[in-house]
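Reviewing the structure listed below.
Number of protein chains: 2
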Amino acid sequence: MTKRPQNMTILDVARLSGLSKSTVSRVLSGAPNISENAKKKVAEIVAETGYQRNEIARSLRSGRTGVVALVIPDIANPFWADVARGAQDAAVNEGTSILIFSSDWDPVREKQHLQALVKSRVDGAIINPVRDGLEDIEQFNLPIVLIGSSASRFPDMASVSSDIEQGVALGLDRLASSGLGLPVFLVGDNERSASERFLQAVRRWAAKRNVDCSGLIVENGEYNVDGGRAALERILATHAVPRAVFAANDLMALGAMQALRNKGLSCPDDVAVLGFDGIAAGEVTTPALTTVAKPSRQIGDEAFRLLMQRIEGGQGDRMTLPCTLYERGTLPARVNEPQPALMD
Amino acid sequence: MTKRPQNMTILDVARLSGLSKSTVSRVLSGAPNISENAKKKVAEIVAETGYQRNEIARSLRSGRTGVVALVIPDIANPFWADVARGAQDAAVNEGTSILIFSSDWDPVREKQHLQALVKSRVDGAIINPVRDGLEDIEQFNLPIVLIGSSASRFPDMASVSSDIEQGVALGLDRLASSGLGLPVFLVGDNERSASERFLQAVRRWAAKRNVDCSGLIVENGEYNVDGGRAALERILATHAVPRAVFAANDLMALGAMQALRNKGLSCPDDVAVLGFDGIAAGEVTTPALTTVAKPSRQIGDEAFRLLMQRIEGGQGDRMTLPCTLYERGTLPARVNEPQPALMD
DNA sequence: ATGAAAGCGCTAACAC
DNA sequence: GTGTTAGCGCTTTCAT
Chain P
612 MTKRPQNMTI
622 LDVARLSGLS
632 KSTVSRVLSG
642 APNISENAKK
652 KVAEIVAETG
662 YQRNEIARSL
672 RSGRTGVVAL
682 VIPDIANPFW
692 ADVARGAQDA
702 AVNEGTSILI
712 FSSDWDPVRE
722 KQHLQALVKS
732 RVDGAIINPV
742 RDGLEDIEQF
752 NLPIVLIGSS
762 ASRFPDMASV
772 SSDIEQGVAL
782 GLDRLASSGL
792 GLPVFLVGDN
802 ERSASERFLQ
812 AVRRWAAKRN
822 VDCSGLIVEN
832 GEYNVDGGRA
842 ALERILATHA
852 VPRAVFAAND
862 LMALGAMQAL
872 RNKGLSCPDD
882 VAVLGFDGIA
892 AGEVTTPALT
902 TVAKPSRQIG
912 DEAFRLLMQR
922 IEGGQGDRMT
932 LPCTLYERGT
942 LPARVNEPQP
952 ALMD
Chain H
612 MTKRPQNMTI
622 LDVARLSGLS
632 KSTVSRVLSG
642 APNISENAKK
652 KVAEIVAETG
662 YQRNEIARSL
672 RSGRTGVVAL
682 VIPDIANPFW
692 ADVARGAQDA
702 AVNEGTSILI
712 FSSDWDPVRE
722 KQHLQALVKS
732 RVDGAIINPV
742 RDGLEDIEQF
752 NLPIVLIGSS
762 ASRFPDMASV
772 SSDIEQGVAL
782 GLDRLASSGL
792 GLPVFLVGDN
802 ERSASERFLQ
812 AVRRWAAKRN
822 VDCSGLIVEN
832 GEYNVDGGRA
842 ALERILATHA
852 VPRAVFAAND
862 LMALGAMQAL
872 RNKGLSCPDD
882 VAVLGFDGIA
892 AGEVTTPALT
902 TVAKPSRQIG
912 DEAFRLLMQR
922 IEGGQGDRMT
932 LPCTLYERGT
942 LPARVNEPQP
952 ALMD
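Residue numbers (my numbering), protein chains in the order written: chain P, 612 to 955; chain H, 612 to 955.
Okay, structure coming up:
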């Protein structure tokens, strides 16, 4: 009966192999200048006993834990789950684990998480800040990569975000190509800065295309299906039926479709709906949701890579990934020539 | 300019407060028999410097990391994301962090994760095993709580799962109450044991209700929307159009709805569809998916609690949570009296 | 009530 | 190439 691997220390391996602690340690970390004999001996003992290095002790010396944190608003939201998946996949190959924190759009919760995270001594963190409260974390000079639209507010930090401006233009041009005018807009209200950036992109697009956007109809709502439904219902109650709805995220777009159905309005014949995210749930509705897709997995993937660079002492820059259009069934066919893409 | 909290040690606090290392440590861990003066002094210094205990060093001594692992097939699958959310919420309150591993239905991946997890010296793990390979982990006598249907294969381990048998009966009774006969079944094939349990429950129900189930039509498919669509398409190609489809999970049920639509079949008038999971995406389809819902968040929540009990040295038992029916739009109205519930 | 000292399991100088 | 030794930051006897 050999010792439980759990309780074996490097000292036991040393004794069993007739070598010293340090030599065993060297073999285990693949240091150069080790005799074949030592390597073999250690390998034997390890195989025999199932010994595993205690990573905690290693961490204590090296200061690195092999764990990074991912702080997102809601793991149960498909978009964020996809981002997590991307980061996760990238991390596995590096032998790194990911600690996921859902802040649930709650700044207090987020703060708790941030504290928990520096306490856990993670090597770095990928963060989508709910609000602007990054001050607490900045002082710990922990390697950080920002994701999402708040990146623009911290110009000196590494970040990866999707190109909202390009995405909005993509969507608005597509709407225009169906001969629809400016749509009404549904934006989330627990992601203020994201909404602002979205609307700003709309105005910029209008300016470039010489479209009058003085009478923009915008409704806020919670960042979920019910929020989208309620938001469109409010618009329907107070305005003429719009020709098109552009939601700043897919969940709200799905809600908008429900609101239309409830009113007996047909989509896309009466009202066109355009989403923003590209979540899988948009494929299963009738009609399927046409949407501007953010590269969610890629965002997670690139953010992780950037973070690793930063951890390794590199600079890690800012990255903007383009959006693409998932053409499905909630827009009418095109009637105009597609516009040339907007360039800055 | 005070020292960076990151580099401050308990020794610095000791020096600054004129106390000894040990006393400071005692104050910090709330030990009894400390003078008010010492408490005050330490509190001051901590407030002043922002000192934080190094959890890694603590872990090294105490053997506990304050981190638990959650191993699930796919974080991007809404059902599992919900489970994760439940566990997460429970963990926050306990000051515990959760390491999430997606095995992607891949036993090799899972094995990697399991190793990574014992290396990280987590305090315990909540696991939904892809296949039967739990041998590797059992030897580490790490506190473990199983979730999902495989729990039944490890009768001596703590577990929480949903009551498949009751859920299946619930669904089948509901189908029967609409005057529909036995449905065709769509089950996932990368979750063998779950599928078996599901079908077994079907047979048990048939026996209890005196229904002939000799000619059961069952089709396997990947555990996702496309898998469900393809599976039903295969059935449609080789059999008469069934009156009802019962999918072992919601994603496949959604796929089934797509297959029907593609064939020009109406749901629920031509074919009824019943799902199993209760994911949010089922609410947004037209018609919305009627489904037997597993208590996903609660599963995560209870699993975490059980795990904590086990970590604290308790036994932690086995727990089975009932399913409920989300009555939505993919079944025709009831025509028969509801059957009395099945009892064992 | 507090201090001194001995480790937790490992790595990294520093010797030889 | 390998062994010796001194910590990493903390908790916990054991004294006092």
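Note that beta-carbon positions come from the ideal geometry of N, C-alpha and C, so glycine has one too.
All of these numbers come straight from a predicted model, not from anything done at the bench.
One thing to note: P:Leu885 has its Cβ no nearer than 8 Å to the Cβ of P:Ala851. Under the Cβ criterion of 8 Å, H:Pro718 is not counted among the residues facing chain P. Partner residues in the beta bridge of P:Asn831, as assigned by DSSP, are P:Val798. Interface annotation, P:Glu721: not in contact with chain H, CB-CB separation never under 8 Å. In the DSSP assignment, H:Val729 falls within the alpha helix (DSSP H) that extends over 718–730. Not a single CB atom of chain P sits nearer than 8 Å to the CB of H:Ala870. Counting only runs of at least 3 residues, the stretch 825–874 of chain P fully encloses the following beta strand (DSSP E) elements, listed from N- to C-terminal order: 829–832, 855–858. At a C-beta separation below 9 Å, P:Ser760 has no neighbours in chain H, since its nearest C-beta there lies roughly 22 Å away. For H:Gln699, the closest Cβ of chain P is nearer than 8 Å.
The Cβ atoms of H:Ile711 and H:Ala695 lie closer than 8 Å to each other.
Interface annotation for the stretch 894–915 of chain H against chain P: Glu894, Val895, Thr896, Thr897, criterion Cβ-Cβ distance under 7 Å.
Measuring C-alpha to C-alpha distances from H:Asp912 to each of H:Glu923, H:Ala805, H:Val703, H:Lys722 identifies H:Val703 as the nearest. Cβ-Cβ distances below 6 Å link H:Lys650 to Val638 in the same chain, with the five nearest sequence neighbours on each side left out; the list follows chain order. Exclusion of the five residues before and after H:Ile922 leaves Asp734, Gly735, Pro754 as the residues of its chain whose Cβ lies within less than 7 Å of its Cβ. As computed with DSSP, P:Ile711 is found in a beta bridge with P:Leu681. Closest in C-alpha terms to H:Phe887, from the list H:Arg908, H:Glu830, H:Leu781, H:Arg814, comes H:Leu781. Separation of P:Leu757 and H:Val624 (C-alpha to C-alpha, rounded to the nearest whole angstrom) is 33 Å. H:Val813 and P:Ala812 have their C-alpha atoms spaced approximately 54 Å apart. According to DSSP, P:Ser773 shares a beta bridge with P:Leu932. Residues of the stretch 805–830 of chain H with a C-beta atom less than 8 Å from some C-beta of chain P do not occur. In the DSSP assignment, H:Gly735 falls within the beta strand (DSSP E) that extends over 735–738. Straight-line measurement puts the Cα of H:Val882 at about 24 Å from the Cα of P:Cys878. Only those residues of the stretch 639–670 of chain P whose C-beta falls short of 8 Å from the nearest C-beta of chain H are listed: Gly661, Gln663, Arg664, Asn665, Glu666, Ile667, Ala668, Ser670.
When the beta-carbon positions are compared, P:Leu681 and H:Ile667 stay at least 8 Å from each other. By the Cβ-count criterion, H:Pro949 is exposed, with fewer than 16 other Cβ atoms from all chains shown falling within 10 Å of its own Cβ.
In this structure, DSSP gives H:Asp888 an extended state, which the three-state scheme calls strand. Contact between the stretch 802–822 of chain H and the stretch 761–777 of chain H is established, with three or more Cβ pairs separated by less than 8 Å. In the three-state DSSP reduction, P:Val903 falls in the strand class (E or B). Beta-bridge annotation (DSSP): H:Val756 is paired with H:Ile737, H:Ala769. Just so you know, the alpha carbons of P:Ile656 and H:Thr676 end up roughly 27 Å apart. Below the 9 Å Cβ cutoff, chain P contributes Val678, Ser708, Ile709, Leu710, Ile711 as neighbours of H:Leu710, in chain order. Pairing P:Asp928 with P:Ala769, the inter-Cα distance amounts to about 5 Å. Each residue's CA atom was taken as its position, placing H:Leu847 and H:Arg872 some 12 Å apart.
When only Cα atoms are considered, H:Ser760 and H:Val679 end up about 21 Å apart.
Close partners of H:Ala692 in chain P (Cβ separation under 7 Å): Ile686, Ala687, Ala692.
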